[in-house]
Amino acid sequence: MNPASPIDEPVYDHALDLAGVDEGISRVPLQAPHKRLWLAGFAVAFLGVCSLFSGVAWLLFRGIGTWGIDIPVAWGFAIVNFVWWIGIGHAGTFISAFLLLLHQSWRTSINRFTEAMTLFAVACAALFPLLHLGRPQYFYWLLPYPDTMGLWPQFRSPLVWDVFAVSTYFMVSLVFWYAGLLPDLATMRDRAGPRWKRRAYGLLALGWRGDARHWVHYERMYVVLAGLATPLVISVHSIVGLDFAAAQLPGWHSTIFPPYFVGGAIFSGFAMVLTLVIPLRKVYRLEGFITDRHLDLMAKVMMTTGWVVAYGYFAEAFTAWWSRDQFEMFSQTNRLLGPYARFFWIMLICNVGVPQLLWCARLRRNVPFLFVASLLVNLGMWLERYVIVVTSLHRDFMPSSWGWYRGTRVDWAVFVGTLGLFLALLFLFVRLLPAISMTEMKMLVTRKGKVQ
Amino acid sequence: MSEPAPQRPPPAPLFGAGGTALYRAALGVVALSLLGAATAVFAYFHAPWWTRVGYAEDQPVLFSHRHHVGELHIDCRFCHSSVEHSAFAGLPPTETCLTCHSQVFTDTAMLRPVVASAERGRPLRWQAVTRLPDHVYFDHSIHIAKGVGCTTCHGEVGQMALLAKAERVDMRWCVDCHRNPARALRPRDEVFEADWHPPADQEQRGRALMAAYHINTTFLTDCNTCHR
Amino acid sequence: MPPLNPLRPADEFPAGASDPPDAIGRRDFLRLAGASAALAGLSGCGPPAKTLAPYVVQPESIIPGKAAYYATAMPWEGYARGLVAEAHEGRPTKLEGNPEAAESLGATDAQTQASVLSLYDPDRSRSPRRGGFPASWDAFEAEWGARRQALAAKGGAGLALLAEPTTSPTFRREMRRLLERLPRARWYQHTALARYDRNGRQADAAVGEADLIFAIGSDFLISHPAALRYARDFARRRRSRGGARANRLYVAEAALTVTGSMADHRLPILPGRLAALLAAIDGGETAGLPAAEREFASRLRADLARHGGRALCLAGPEQEGHVQEWAAKCNARSGSARLAWDGPALRSDADPGSAGGLRELAGALEAGEVSDLVILGCNPVYTGAPGADFAERLADAAFTVHLGSYADETGVLCGWHLPESHYLEAWGDLLGYGGQALIQQPLIDPLYSSRSAAEMVRFLADGMAAPGYDLVRETWRAAAGKDFEGRWAGWLNRGVVDDGTRLPAPPVSAAGGRPEQAAPAGGGLTLLFRPDPNLGDGRWSNNAWLQELPRPFTTLVWDNAACLSPDLAGRLGVREGDVIELSCGGRRISAPVALARGQADGCVVVHFGGGRTAAGGVGNGRGFDAYRLRPGEGVWRAEGLEIRPTGAWQRLVFTQHHFAMDGRDLARWTEPGGRAAPAEPDRGSLFPPWPRPGHAWAMSIDLASCIGCNACVAACQAENNIPVVGPEEAFRGREMHWIRIARYFEGEGSGLRVAALPLPCMHCENAPCELVCPVGATVHSSEGLNQMIYNRCVGTRYCSNNCPYKVRRFNFFDYRAPADSPVHLQQNPNVTVRQRGVMEKCTYCVQRIDEARIAAEVAGRALRDGDIRTACQQACPAEAIVFGDLADPQSAVSRRKREEGDYGLLTDLNTRPRTTYLPKLSNPAPLA
């Protein structure tokens, strides 16, 4: 289809009726098409999980020294991955909560999936703050609890804020996602074949019968939760940004960080959504629900947030130059020309160059291109965190203590491992639960019915 | 597979009568057990079998502080000789026991390990009663010098047939006293009194003594006071 | 392992003595490097060991939990370093200089500090060996008894003893006694190191008196038997920006030395060109000299004239005869007899009883004149020049005995190897370079069945053993005359023989001039041999502390390298780490390249101490063996060196990678009376000011006096249980030193300026690290200490990221020694041993603060200035580091900080460091 203007272009295939919605979506978990393909994909992801476990086991056995970190570069892959995963998580909440409050009807067909993505991404992210501790067995000292030492956490430290920010974010996202699932779980219960399956879905559906009281509560709760989740989109990554901004290290100590991190988070989040949605809708023939219009809109969001990120880079450089502070200026030049410069330039191409191509409407409709672009942006955003963490640390104030950094095999094993874990969870999700909210799709269809 | 999803007639109920009640109960149980587990852990680490308060260790010799201190009134420093000069209060070398016990009770079974130690030149191996982790640097001499009595931390040793741990000796317990030492301070000549009890006006006396001893509590709560 | 925590007394049978653990396996390097790590579990949070073992009979000298201090002495190239050793429950743990000793004045150097680790080295030889198999002293005594009969019959003919030259009166008395008993026995002497006597005279100087010092290839500030005294005197003339008394130092040397780095005028010059330079300084005709040399010569000539009588010229012991002569003449001419004089030769290099050096011994062996060879405490197979090919010669003797602390290269080749006592285990006596006699008093019974060299000689002579205690007392009873016991007690107490008791001056022969240097062959490069700044002639090769101590200027650790000036390397097209083949006089060896700034072009410097094969687990296979290139004993320079790149590359480990300040205001220079930079304005803070009811600890480091000798680094390591991490970890940038010396270079050639910037924790009043720690493991004390609480640390490493000075160190792995290692006995029981995964850093030696405070308060007095001295301060020979209470306006540190020019590092960040610096002094000659 190629409509006159994208605005009146529908956000789903109008040929669909209510039954069609249920059928089209629930058949994926219930009839499990492409069993082989699914198994193959899951197997690959599972290999990743194995690498995660082996990496973590070795790490805990031998100690944090198995990573590439050193003095002065005391943070490495762990923090890079943490920030990257948290960022990816953002798109989910942004789409499901933010756009809900903005009545963006196109969010409907992707919010369920992206919320799941958020949960799994945050789960992966949450691993790293624990693993990167020298003595992980004492992680709970970051929580305020009545101990025999009469001590509390040191609340001025951004790392303590992280603990609260991330855990809150995870809890709210989880509740939001599960609450949204309830009516669909009921539908699954009613459509599932074997009795044990129906019982299983039944238990999860918490006895949803779809009577009026249920719906009233459901609607209210959903909006309230959306309202709760929305500020978290901003707060979480602002605080992650403060992990760096609160330090006085040139290249970290910058007021632009919180907004620029949030922008970057949504940027990378949408990139990841594209990366995942494109194959998904292809394999399970969901083009009717996730139309080219969705891709187009997500591409636009990506382009916009891409500009936020670009502004961040510029602001950092400009502030450094404007300050005439020799350390700030050096850290910038070192970023552009120092030993790790190549990462910076690749990052610049991926995060600033690639999104510019999205000005072109044809490219926004070109699915293969979007797929590649989204991959590049993911890479770019990972490199961005690498540049921030490593290049700032490896050369700071004292030339006598300048050093270098390189990730070790264990670093890579853990990073690749989290990718595997993330994919494995997504595979299970697609296999067991409706990847698109049938409820909301049906609402959309009926509302349209009324309009006509 | 192409087996169509079942439409109507409505299937048999998935859950029997009372299923809902059961389900709610189950959810409740889960919640409670989580809470319970947390409480249990917390309680365990405050219970005596973890803090060892009131527990007497197995010792190589059935040495009675009640007899030697409570009844014979032997001064603490007779055995714990370095308590005024060193971080370590000192354990009596076997020869110290023999100052008396080369004369009295020499051939009792109770004393056999002591005699054996002296004969074979092998040290007696006592079990520590009041233990501190190795990252805590406690110094007896300064506490004595500042008028903290033995029984304040070690309890009524004069009443103990077998010595038992008297206090939790965890960080909060130490810091409580470092914040407000007035409760524990004694005149220097009463430091070694085994049956000392705080007088009614201990608070005032304590504060007076703090001034007299130049005790600076800001410093006392610095980490480096105990951790190096 | 008994607990070493003062809360619990050690078992009266120190582990490691009673049941020595097996030699540590070669499997795991960390276990060996652990030769300097820590007591397992000490920092753990679990319940500590439960057993308390009191003494059966308590020695009255010991108060459990209290350190005891004894005066003793350490041999340094045969001369005495007076020490005060600290012992905990009978374990020596730390060495300090003995203020009574004229040659140490309370200071120490890095090797002295590290020597305590060697006492507990797991690789020390623990029992006699016969043909490589464990044997017993009884077996040896029996065998020797028989041979002695035979030897005695022919007056000792065929018996040869090889020993290092030493000043020890007792050893030399025993040696002469043996030669009386067995007149035809021969006493040979060997050392790979420099000789300090010429024609029976030994040059000494009053460095502090001189206004102008001209050092010709002399590193008198660090590598000299009197270095500690010289450094102290020298530094005192440069303190507080010199004032009017600032001395001026000229240095002409081939390779940058610690002394050279302090020079006001420094000339990198090849030894071959020295003659011309000195002539120019004499005669004044500087034509034909390169510009740099001409300028140096004329400037110095003018200055010498200006400072007649106050000018001192020092020639390094490695310099050729003509340079020595020139120095002597120069001093004579400028009437500096009061500043420089020739004392008697105290070390026995020129003892008439001795029959020469290694070459002579090799000759005798070859001629079959030696049937019984006894090697006392030296390692000629390793340190001997290949010319003597001593290894083969050993086979010429029927019966060979080696007495040494290690079954080293020589020990494994000798029929018998016997363990030698560490100097902290044996009675002895030594003379300082100035002639002061010191008693070497043991602190601990020999850990293993070992004997001292003197005891050995006595046994060889008489066939029956006598305790060293008796031997030393014999020596001195004769000297003391009446009231020996009273005097003896006093000597032991003070460590020095200072009541006028004199021994008859040892006989010296005017013979024994130094061997002639290789004649300068045309073409090729100059090859210079030097003892390693850390490992000396290789005797410290198995000391992990010294292996990991950054060499001055290159900051190279764990290996030695062929040092080339960057220009020369450029011309040869080699980069750092490239392996080159050095060939000289038919001998060739390949070595990695290290770039040495400030080195004269056209020369390559190689250091001894590498390429050990039987040093022990730490030293084996580190670096290359420079002796393989040495033409002969006592040769320090060879000409005609050829270099060929091999194309191979070897990873060298440096602890510093960037040596330029890049215009940052870190190390500052000033001139006498020069304007100091204005004091920084107080920038205020958003946080309320710290309440300061009591003391305010602070430190001041005077860059003008700091010579950058690394003594503080080693002292800190010994005091604070700082582990060694090994080459792999050091390469990753994970070395653990709490105080490091940053080296910065400016300019080049004769314009090179070198700054040594010691960097302990700054104990910032607004500490960035404290702000970011999530668990409050690093917080401020009421006295301004930036406390680091290991047992609270979870290891986020955020503090290190936020520390602008990068003085924090992290336990990336468990760097502690294996539980069964004897090195635990060295640990300081008053400092927590850190666990895997915790951050650590300089604490201003808080354990010393606490102990001094407790001692003072128990005694019912207030802390006095000087009660507390940090380990680095106490070790510093130059008195560059001062620590004390800022709240006391009269304290030394307050006075220092009031001096003009006092500045802090990176104060723009408003960290308000408590550690501040005084600028480095340069005192150039006014242009004539």
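Going down the list, the protein sequences come from chains Y, W and E.
Positions 245 to 696 (this note's numbering) are the ones given, in order, by the first sequence.
Positions -10 to 217 (this note's numbering) are the ones given, in order, by the second sequence.
Positions 123 to 1050 (this note's numbering) are the ones given, in order, by the third sequence.
Idealized CB from N, CA, C, for every residue including glycine.
Endpoints, the alpha helix (DSSP H) within which residue i is located
{"i": "E/Arg986", "result": "Unbroken run through E/Arg986: none, as it is neither H nor E."}
{"i": "Y/Tyr462", "result": "Ala456 to Ala489"}
{"i": "E/Leu553", "result": "Not the alpha helix (DSSP H): E/Leu553 falls in the beta strand (DSSP E), residues Gly550 to Leu553."}
{"i": "E/Trp758", "result": "No alpha helix (DSSP H) holds E/Trp758; DSSP gives it neither H nor E."}
{"i": "W/Gln92", "result": "No alpha helix (DSSP H) holds W/Gln92; DSSP gives it neither H nor E."}
{"i": "Y/Phe533", "result": "Per DSSP, Y/Phe533 belongs to no alpha helix (DSSP H) and is neither H nor E."}
For residue i, the nearest candidate out of the options (CA to CA)
{"i": "E/Ile184", "options": "E/Thr194, E/Gly200, E/Pro197 and E/His210", "result": "E/His210"}
{"i": "E/Gly762", "options": "E/Arg805, E/Asp787 and E/Arg709", "result": "E/Arg709"}
{"i": "E/Pro951", "options": "E/Gln180, E/Val179, E/Tyr177 and E/Ala190", "result": "E/Ala190"}
{"i": "E/Gln233", "options": "E/Arg246, E/Asn220, E/Asp260 and E/Arg203", "result": "E/Arg203"}
{"i": "Y/Phe514", "options": "Y/Trp311, Y/Arg639 and Y/Phe615", "result": "Y/Phe615"}
{"i": "E/Ala587", "options": "E/Tyr866, E/Trp259, E/Asp784 and E/Leu426", "result": "E/Trp259"}
{"i": "E/Gly465", "options": "E/Ala716, E/Ala327, E/Asp824 and E/Asp784", "result": "E/Ala327"}
{"i": "Y/Glu572", "options": "Y/Trp496, Y/Asp406, Y/Gly454 and Y/Arg400", "result": "Y/Trp496"}
{"i": "E/Val329", "options": "E/Leu436, E/Gly405 and E/Pro626", "result": "E/Leu436"}
Continuous beta strand (DSSP E) stretch holding residue i: start and end
{"i": "E/Asn908", "result": "Asn908 to Met910"}
{"i": "E/Lys216", "result": "Arg213 to Gly219"}
{"i": "E/Pro390", "result": "His387 to Pro390"}
{"i": "E/Ser712", "result": "Arg709 to Leu717"}
{"i": "E/Met821", "result": "Trp819 to Asp824"}
{"i": "E/Ala202", "result": "Tyr201 to His210"}
{"i": "Y/Gln492", "result": "Taken as a continuous stretch (DSSP letters only), Y/Gln492 belongs to no beta strand (DSSP E), as it is neither H nor E."}
Neighbourhood of residue i by C-beta, 6 Å cutoff - its chain only, sequence neighbours within 5 removed
{"i": "Y/Val324", "result": "Arg629, Tyr630 and Val633"}
{"i": "E/Val701", "result": "Ser712, Pro714, Thr768, Ala770 and Gln772"}
{"i": "E/Met884", "result": "Tyr927, Pro1035 and Thr1037"}
Nonlocal neighbours in the same chain, by C-beta distance under 7 Å from residue i, ignoring five residues either side
{"i": "E/Val534", "result": "Gly254 and Ala736"}
{"i": "Y/Gly264", "result": "none"}
{"i": "E/Ala162", "result": "Legend: pLDDT at E/Ala162 = 31, less than 50; position of this residue unreliable, value from coordinates given subsequently. If we look at E/Ala162 and ignore the five residues flanking it on each side, its Cβ neighbours are Arg938 and Ala941."}
{"i": "E/Cys964", "result": "Trp860, Ile861, Pro882, Cys883 and Val929"}
For residue i: DSSP bridge partner residues
{"i": "E/Ser476", "result": "E/Trp309"}
{"i": "E/Gln324", "result": "E/Asp319 and E/Gly465"}
{"i": "E/Asp494", "result": "E/Leu281 and E/Phe521"}
{"i": "E/Gly1006", "result": "E/Ala820"}
{"i": "W/Pro176", "result": "Bridge partners of W/Pro176: none, in fact."}
Residues near residue i in its chain [Cβ-Cβ closer than 8 Å; skip 5 each side]
{"i": "E/Ala519", "result": "Ala282, Leu487, Val492, Ser493, Asp494 and Leu495"}
{"i": "E/Leu315", "result": "Glu199, Pro653, Gly658 and Asp659"}
Count the CB pairs spanning the segment 920 to 932 of chain E and the segment 981 to 1001 of chain E that are closer than 8 Å, and state whether there are at least three. no
May I ask you to verify whether the segment 353 to 361 of chain Y touches the segment 329 to 340 of chain Y, counting CB pairs closer than 8 Å and requiring at least 3? yes
Three or more C-beta pairs below 8 Å linking the segment 235 to 250 of chain E and the segment 533 to 549 of chain E: yes
Segment contact flag, the segment 345 to 364 of chain E with the segment 225 to 234 of chain E, C-beta cutoff 8 Å, min 3 pairs: yes
Does the pairing of the segment 301 to 313 of chain E with the segment 463 to 476 of chain E give three or more beta-carbon distances under 8 Å? yes
Inter-stretch contact at 8 Å, needing at least 3 Cβ pairs: the segment 588 to 604 of chain E / the segment 286 to 301 of chain E: yes
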